[in-house]
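Asks: Mind looking over this structure? Questions follow.
Residue numbers (my numbering): 58 to 250.
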């Protein structure tokens with residue numbers, strides 16, 4: 058790693074140790090690895106792909122549940138958009154905080170733009186009639202139950218918004234775990250899918 062990246066690794070390591078986001082054993086291993094750039098890079102890769110990945114995944118699922126509940130209950134597309142946007146921005150911020158570092162302004166702006174563009178899709182999904190996608194037998198069964206169509210559409214809307222939140226979280230994780238590698242949009246989309 059370059060000298061600049063080595064300094065970044067040290068800052069991330071110190072933040073992880075200070076915040077106690079990792080076990081005592083991992084803290085000690087990081088302290089020992091800080092003497093050598095390659096050793097530190099390898100240790101950080103190991104910690105990020107095990108301990109930190111689990112923590113980030115837990116955050117992603119918690120925020121996806123929040124989006125699901127808030128948008129499934131709401132019957133207003135604008136409120137769904139606002140709820141998705143707020144929760145997704147908070148998700149990105151918390152993932153960055155848990156990972157122990159903050160990308161430079163340019164990269165943080167790119168990440169934020171991805172979050173906003175993905176969250177804005179949530180309002181576009183309001184116009185989709187999910188019951189048209191269901192087989193006719195299921196449609197007729199749903200139509201015979203009072204209020205079932207409204208409930209089904211709300212649940213499907215909540216699911217689609219929660220999936221968008223999962224996608225945002227995975228894109229954020231991929232971006233932060235990339236270790237300064239350039240990721241193509243195609244590989245990001247494939248990974249998020």
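Beta carbons: idealized from backbone N, C-alpha and C, even for Gly.
All values reported here derive from a predicted model rather than from experimental measurement.
#1: So, residue 83 versus residue 90, is the Cβ gap smaller than 7 Å?
#2: Note down the Cα distance separating residue 68 from residue 149, rounded to an integer number of angstroms.
#3: For residue 105, count neighbouring Cβ atoms within 10 angstroms of its own Cβ and tell me buried if that reaches 16, exposed if not.
#4: Give the DSSP-derived three-state secondary structure of residue 104 in the structure shown.
#5: With distance defined between alpha-carbon atoms, name the residue in 124, 139, 135, 230 nearest to residue 216.
#6: For my contact list, residue 74 and residue 116 are in at a C-beta cut-off of 8 Å; report their separation, rounded to the angstrom.
#7: Roughly how many angstroms lie between the CA atoms of residue 161 and residue 135, to the nearest whole one?
#8: In three-state terms, what does DSSP make of residue 137?
#9: Can you tell me which of the three DSSP states residue 83 falls into?
#10: Where residue 76 and residue 166 are concerned, what is the direct C-alpha to C-alpha distance, given to the nearest angstrom?
#11: Below 8 Å CB to CB, which residues in the same chain sit around residue 121 once its five sequence neighbours on both sides are set aside?
#12: Grouping DSSP H, G and I as helix and E and B as strand, with all else coil, what is residue 91?
#13: Is residue 145 buried or exposed, if buried means 16 or more other CB atoms sit within 10 Å of its CB?
#14: Less than 7 Å separating the beta-carbons of residue 107 and residue 87?
#15: Mapping DSSP to helix, strand and coil, what is residue 157?
#16: Put residue 235 into one of helix, strand or coil per three-state DSSP.
#17: Where does the unbroken alpha helix (DSSP H) through residue 127 begin, and where does it stop?
#18: Applying the criterion that 16 or more other CB atoms from any shown protein chain within 10 Å of the CB defines a buried residue, is residue 113 buried or exposed?
#19: Can you round the beta-carbon distance between residue 66 and residue 168 to whole angstroms, since I take them to be within the 8 Å contact cut?
Replies: Inspection of the coordinates gives the following:
#1: The residue you call residue 83 lines up with position 26 of the chain shown. The residue you call residue 90 lines up with position 33 of the chain shown. No, the pair does not count as a contact, with Cβ atoms beyond the cut-off.
#2: The residue you call residue 68 lines up with position 11 of the chain shown. The residue you call residue 149 lines up with position 92 of the chain shown. Straight-line spacing of the CA atoms in residue 68 and residue 149 works out to 20 Å.
#3: Position 48 of the chain shown, counted from the first residue, corresponds to residue 105. Classification of residue 105: buried, given that the 10 Å Cβ count is 16 or more.
#4: Locating residue 104 in the chain shown gives position 47, counting from the first residue. Helix.
#5: For the purposes of this step, residue 216 is taken as the residue at position 159 of the chain shown. For residue 216, the nearest C-alpha among the options comes from 124.
#6: Residue numbering aside, residue 74 sits at position 17 when the chain shown is read from its first letter. Residue numbering aside, residue 116 sits at position 59 when the chain shown is read from its first letter. Contact doesn't hold; Cβ gap of about 20 Å is too wide.
#7: Here residue 161 corresponds to residue number 104 of the chain shown, with the count starting at 1. Here residue 135 corresponds to residue number 78 of the chain shown, with the count starting at 1. Cα to Cα, the separation comes out at about 32 Å.
#8: As a first step, residue 137 is located in the chain shown; it is residue number 80 there, counting from the start. Looking at residue 137 - three-state DSSP - the assignment turns out to be helix.
#9: In the chain shown, the residue the question calls residue 83 occupies position 26. Looking at residue 83 - three-state DSSP - the assignment turns out to be helix.
#10: By 1-based counting over the chain shown, the position of residue 76 is 19. By 1-based counting over the chain shown, the position of residue 166 is 109. Looking at the two C-alpha atoms, the distance is approximately 25 Å.
#11: The sequence position of residue 121 within the chain shown is 64, counting from 1. Cβ neighbours of residue 121 beyond the five flanking positions: 219, 220, 222, 223, 226.
#12: Counting from 1 along the chain shown, the entry for residue 91 is found at position 34. In the structure shown, residue 91 sits in coil (DSSP, three-state: anything other than H, G, I, E or B).
#13: Counted from its first residue, the chain shown places residue 145 at position 88. The residue is buried, with at least 16 neighbouring Cβ atoms inside 10 Å.
#14: Along the chain shown, read from residue 1 onward, the residue named residue 107 stands at position 50. Along the chain shown, read from residue 1 onward, the residue named residue 87 stands at position 30. For residue 107 and residue 87, no; Cβs fall outside 7 Å.
#15: The residue given as residue 157 occupies position 100 in the chain shown. In the structure shown, residue 157 sits in coil (DSSP, three-state: anything other than H, G, I, E or B).
#16: Counting from one through the chain shown, the residue named residue 235 turns up at place 178. Note: residue 235 maps to coil in three-state DSSP.
#17: Taking the chain shown and counting its residues from 1, the one referred to as residue 127 is at position 70. 110 to 130 is the span of the alpha helix (DSSP H), which, as asked, contains residue 127.
#18: Within the chain shown, the letter at position 56 stands for residue 113. So residue 113 ends up on the buried side.
#19: What you label residue 66 is simply residue 9 of the chain shown in a count that begins at 1. What you label residue 168 is simply residue 111 of the chain shown in a count that begins at 1. Actually they do not touch by this definition, with Cβ atoms about 20 Å apart.
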